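Numbering (this note's numbering), first residue to last: 180 to 505.
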C-alpha cells in the first residue's frame, strides 16, 4: 500500500502550497490525501494546514498573518510550525518558528486542480465551493512564480527599487511607507523606482503612487536593486515580501521586526536592521559604496533561505521537533 500524507481538505493552496512542496520533498514517495477528520477543524482556509505523515507524526502549519496559536491544533499535534511567533508570548516547545514564506506557483496546474477537486470532495464543499477554489487556484497560478523563478541576480549599486501595497484600511501604514519612499528618493545620485501600488484603485497618496506590474517584472527589478527595503506588514507579520527578498539573495535593510526569525541570526548576519528612515538611508548609502559588503550580505541572505526557511528545511525543522517530542 502506498504511503500517504493526509492533509486538511479545507486549507488554502495559495497559502500552504509552499509547505506542501516541502512535505513532498521530505516524503517523495508518499501520495497526497485530503481529510476533515480526525484532523483539527479550521476556522478559515488561511488559518492552518494539519498533516498526518506516513511515519505517524501529527504536524500543523500556521501561515496566517496573526501571532496567535490555535490551542485545539496545538493540543492535537506533535509539532506546530508558525510563521508569526510573538517573542513575548509563553513558548511551548512544540512551536517552531517557520520564518517568512510566500505564495509559489504549483508545479503542474492540472495536478493542482485535481488536488483542489479532491480536497473539495473530502470536505463536501459542493459545486459552488469547488468552482470558487478552482478559480482561486487558476488566479494564483497566473499571478505567482514557481520557486525556481527566485534566482539571484547581479545588483546595481546606483539603482534602488521599492514597491509596497497601499492598504485602504490601514492609512497609518500607508503614510509610514510614503515617508520612507520620499526619503529614499532624496539620495543623491541614486536612481529610484517604485512607490505604493493600490491595484485597480486610484492611489490615495498620489505623490508616491506606482502602477501594478507583473511578478516577473517585479522580481527582476528587486533583483537589480542595490538593496531590498523591508517594512513590517499588516499585524506586524513577516510578509511574503521578506521571504521573497531572502529567496532572491538580497542585501536587506529592514525596520525592526516584532516576530521571531528562526535560528536567531546575529545582528547584520542576514539583514541590516534600521531604527527609522534616516538609518535606512544610511544603510543604503553604505551598501551602495561597499561592493564587498553588499555581496557578502546577499550571499548570507540566500544561504539562510536555502538552509532555514525554504520549504524543505522548514518542514524538516518541524518534523525534527515532532520526533524529539514523541
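Think of the CB as a built atom: it goes at the ideal place given N, C-alpha and C, for glycine as much as any other residue.
What you are looking at is a predicted structure, and each value in this text was computed from that prediction instead of being measured.
Continuous beta strand (DSSP E) stretch holding residue i: start and end
| i | result |
| --- | --- |
| residue 408 | 407-409 |
| residue 429 | Element bounds for residue 429: n/a, residue is neither H nor E. |
| residue 213 | 210-214 |
Beta carbon of residue i nearer than 8 Å to that of residue j
| i | j | result |
| --- | --- | --- |
| residue 262 | residue 280 | yes |
| residue 286 | residue 325 | yes |
| residue 219 | residue 252 | yes |
| residue 201 | residue 411 | no |
| residue 345 | residue 310 | no |
| residue 352 | residue 413 | yes |
| residue 193 | residue 228 | no |
| residue 343 | residue 214 | no |
| residue 217 | residue 183 | no |
| residue 186 | residue 211 | yes |
| residue 429 | residue 477 | yes |
| residue 243 | residue 505 | no |
| residue 481 | residue 394 | no |
Sheet register partners of residue i (DSSP bridge)
| i | result |
| --- | --- |
| residue 275 | 260 |
| residue 484 | Per DSSP, none; premise fails for residue 484. |
| residue 394 | Per DSSP, none; premise fails for residue 394. |
| residue 493 | None, per the DSSP bridge assignment. |
| residue 239 | 229 and 259 |
| residue 372 | 340 |
| residue 222 | According to DSSP, which records beta bridges pairwise, residue 222 is partnered with nothing at all. |
| residue 183 | 210 |
| residue 451 | 432 |
| residue 584 | Residue 584 falls outside the range modelled here, since the chain spans only 180 to 505, and no answer is possible. |
Backbone CA spacing between residue i and residue j [nearest angstrom]
| i | j | result |
| --- | --- | --- |
| residue 266 | residue 438 | 6 Å |
| residue 408 | residue 338 | 13 Å |
| residue 245 | residue 415 | 8 Å |
| residue 483 | residue 449 | 7 Å |
| residue 487 | residue 479 | 12 Å |
| residue 348 | residue 362 | 24 Å |
| residue 312 | residue 321 | 14 Å |
| residue 340 | residue 276 | 29 Å |
| residue 378 | residue 225 | 22 Å |
| residue 406 | residue 425 | 11 Å |
| residue 248 | residue 305 | 30 Å |
| residue 299 | residue 308 | 7 Å |
| residue 427 | residue 237 | 32 Å |
| residue 255 | residue 269 | 18 Å |
| residue 188 | residue 271 | 26 Å |
| residue 223 | residue 360 | 35 Å |
| residue 502 | residue 289 | 34 Å |
| residue 456 | residue 423 | 22 Å |
| residue 209 | residue 418 | 30 Å |
| residue 445 | residue 278 | 15 Å |
Residue i - containing alpha helix (DSSP H), residue span
| i | result |
| --- | --- |
| residue 197 | 192-205 |
| residue 343 | Residue 343 -> not in any alpha helix (DSSP H); beta strand (DSSP E) instead, spanning 338-344. |
| residue 306 | 305-322 |
| residue 289 | 288-301 |
| residue 268 | Where residue 268 is concerned, there is no enclosing alpha helix (DSSP H), given that its DSSP letter is neither H nor E. |
| residue 460 | 456-468 |
| residue 357 | 350-364 |
Any chain D beta carbon closer than 8 Å to residue i
| i | result |
| --- | --- |
| residue 399 | Judged by its chain identifiers, the structure shown contains no chain D, having just a single protein chain. |
Cβ contact check for the stretch 323-334 and the stretch 388-404: 3 or more pairs under 8 Å: Result yes; three or more Cβ-Cβ pairs closer than 8 Å.
Segment contact flag, the stretch 309-316 with the stretch 285-301, C-beta cutoff 8 Å, min 3 pairs: In short, these stretches touch, since the Cβ pair count reaches three.
Stretch-stretch touch, CB-based, cutoff 8 Å, three pairs: the stretch 487-502 with the stretch 439-448: Segments in contact, yes.
Validate contact between the stretch 454-465 and the stretch 356-366 using beta carbons, cut 8 Å, 3 pairs: Segments in contact, yes.
Touching by the beta-carbon criterion (3+ pairs, under 8 Å), the stretch 469-481 and the stretch 370-378: The stretch 469-481, when compared against the stretch 370-378, does not touch it at the 8 Å Cβ threshold.
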